[in-house]
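Worksheet: the structure to be examined is printed underneath.
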């Protein structure tokens, strides 16, 4: 017991080693990859992001014009954003808030409108 006394006194006199997360957030480093976001108006629904994703968390339906991402499967590697031909995928600097249920990121676009604008 007496061997632990110096450690106990030192820990009582010092600051806590952990943060109270929801109330005290640390500053994120530059270039951090937070939540994945798709600028759906620039997306051409080519499916390159879903083919290149190593965890297969992205699904693209060109006919319906839907883009879906499962953030619980995503490892935030950035390969999808690097391979996007229109550069419509990017990462926000903030992380998604904690969730108790599985939430998908689903976006609806209009792939037919892209073709009409491309031929004009």
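Residue numbers (the working numbering): 10 to 129. Virtual Cβ for every residue (Gly too), placed ideally from N, Cα, C.
Which word fits residue i, buried or exposed, when buried means at least 16 other C-beta atoms lie within 10 angstroms of its C-beta?
{"i": "residue 103", "result": "exposed"}
{"i": "residue 12", "result": "exposed"}
{"i": "residue 40", "result": "exposed"}
Residue i and residue j look like a contact to me (Cβ under 8 Å); what is the Cβ gap, rounded to whole Å?
{"i": "residue 82", "j": "residue 66", "result": "4 Å"}
{"i": "residue 163", "j": "residue 114", "result": "With the chain covering only 10 through 129, there is no way to say anything about residue 163."}
{"i": "residue 74", "j": "residue 120", "result": "5 Å"}
{"i": "residue 30", "j": "residue 99", "result": "About 25 Å separates the two Cβ atoms, so there is no contact after all."}
{"i": "residue 42", "j": "residue 80", "result": "Actually they do not touch by this definition, with Cβ atoms about 12 Å apart."}
In whole angstroms, what is the alpha-carbon distance linking residue i and residue j?
{"i": "residue 44", "j": "residue 72", "result": "26 Å"}
{"i": "residue 21", "j": "residue 90", "result": "47 Å"}
{"i": "residue 97", "j": "residue 70", "result": "16 Å"}
{"i": "residue 92", "j": "residue 61", "result": "7 Å"}
{"i": "residue 110", "j": "residue 117", "result": "22 Å"}
{"i": "residue 128", "j": "residue 27", "result": "Note that residue 128 scores a pLDDT of 49, beneath 50, so its modelled location is shaky; the value from the coordinates is reported in the next line. So the two alpha carbons sit approximately 57 Å from each other."}
{"i": "residue 33", "j": "residue 24", "result": "14 Å"}
{"i": "residue 35", "j": "residue 108", "result": "20 Å"}
{"i": "residue 101", "j": "residue 14", "result": "47 Å"}
{"i": "residue 86", "j": "residue 50", "result": "23 Å"}
{"i": "residue 112", "j": "residue 68", "result": "15 Å"}
{"i": "residue 18", "j": "residue 88", "result": "49 Å"}
In chain order, what residues of the same chain lie with their CB nearer than 6 Å to the CB of residue i, ignoring the 5 residues before and after it?
{"i": "residue 64", "result": "82 and 84"}
{"i": "residue 48", "result": "97"}
Excluding five sequence neighbours on each side, which residues of the same chain lie with their C-beta closer than 8 Å to the C-beta of residue i?
{"i": "residue 94", "result": "53, 55 and 57"}
Go through its chain and collect everything with a Cβ distance to residue i's Cβ below 7 Å, but skip five positions before and after it.
{"i": "residue 37", "result": "102"}
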